[in-house]
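Residue numbers (the UniProt record's numbering): 1 to 307.
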């Protein structure tokens, strides 16, 4: 637990992305064209969105992961944005002659997003700094599930040191994925937990995965709230807070970041889930992907008005 009044140090591991977001009336059909009503250039990526949320909610964020060549423009843009958010980029590894990921994202009036992304395959060969450097005074580690190839050993070492490792899962995982057992907390989306377990029911899918990992397991379901397994292996639910969503891009990442910060601050799982369940919908009420993550005062004020 972090000392009172001291922001807990949280390590986030992932691959930053430069996002081009377009607001459209509807996603264009194959082979057609459509005009966008708005264009924004923002930084993104699962762990980076979570990092922004953690920083705005009061955490001290250190980021580790690969980024493209120092000469290309996307990385410079992202690093400037991270600096403005107070995120420590000391442990980002620049990869010569490689490209920082770029995505094109269309957001319709319901807030739903459709995207395509390019990630340079060479980025997966990154070697992170050593564990002693990354884990010093660390209160939690948050990881993108796709980054197992370069961070499983680090996560296992964090667990040996008693540091919680939260994995944000936004795609189906292999049942042999090292993060399944290296994590202390696995946060799936509903679709991904069902695909991973091969069961079309969230509770049963979580219970099947519980036979493969000792980690805490949960699945987020948007406006239907979050389902999770208690220590007895029984499903419980944390309700969602209804809002008028205009942009769901990054909502899951904000949820993961807020949950990780809650654990680092010493909150129990139910309290951390409720904290995250407030931060994520607040993000959805405004455009900007992860850059629309709320401030701490907003989340606390939002929660005060709700039993």
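Every residue gets a Cβ at the ideal spot worked out from N, C-alpha and C, and that includes glycine.
query	result
Neighbourhood of residue 276 by C-beta, 6 Å cutoff - its chain only, sequence neighbours within 5 removed	255, 258, 259
Buried or exposed by the 16-neighbour rule on C-beta atoms within 10 Å, applied to residue 45	buried
Buried versus exposed call for residue 101 [16 or more other C-beta atoms within 10 Å across all chains shown]	buried
6 Å Cβ shell around residue 250 - same chain, five flanking residues per side excluded	49, 289, 290
Close Cβ partners of residue 118 (< 7 Å) along its chain, the five nearest in sequence each way excluded	101, 102
Residue span of the beta strand (DSSP E) that contains residue 305, given as start and end	Per DSSP, residue 305 belongs to no beta strand (DSSP E) and is neither H nor E.
Test item: CB-CB of residue 66 and residue 106 under 8 Å	no
Cutoff 6 Å; reference residue 75; Cβ partners in own chain excluding five residues on either side	67, 68, 100
Contacts around residue 225, its chain only, beta-carbon distance under 6 Å, and the 5 residues preceding and following it disregarded	237, 238, 239, 240
Cβ-Cβ separation, residue 197 to residue 203 (assumed contact under 8 Å), whole Å	At roughly 11 Å, the Cβ-Cβ gap does not stay under 8 Å, so residue 203 and residue 197 are not in contact.
Element boundaries [beta strand (DSSP E), containing residue 44]	38-44
Member of 139, 155, 19 whose CA lies at the smallest distance from the CA of residue 186	155
Sequence-distant residues of its chain with Cβ nearer than 7 Å to residue 278 (five each side left out)	241, 299, 302, 303
Reduced DSSP category for residue 174 - H, G, I as helix; E, B as strand; rest coil	coil
Proximity of residue 93 and residue 128 at Cβ, strictly below 8 Å	yes
Euclidean distance between Cα positions of residue 169 and residue 190	10 Å
Selected residue, minimal CA-CA separation from residue 24, among 227, 87, 287	287
CB of residue 86 within 8 Å of CB of residue 55, strictly	yes
Touching by the beta-carbon criterion (3+ pairs, under 8 Å), the stretch 128-148 and the stretch 5-19	yes
Limits of the unbroken beta strand (DSSP E) element including residue 219	216-220
Contact under 8 Å by Cβ, residue 218 with residue 227	yes
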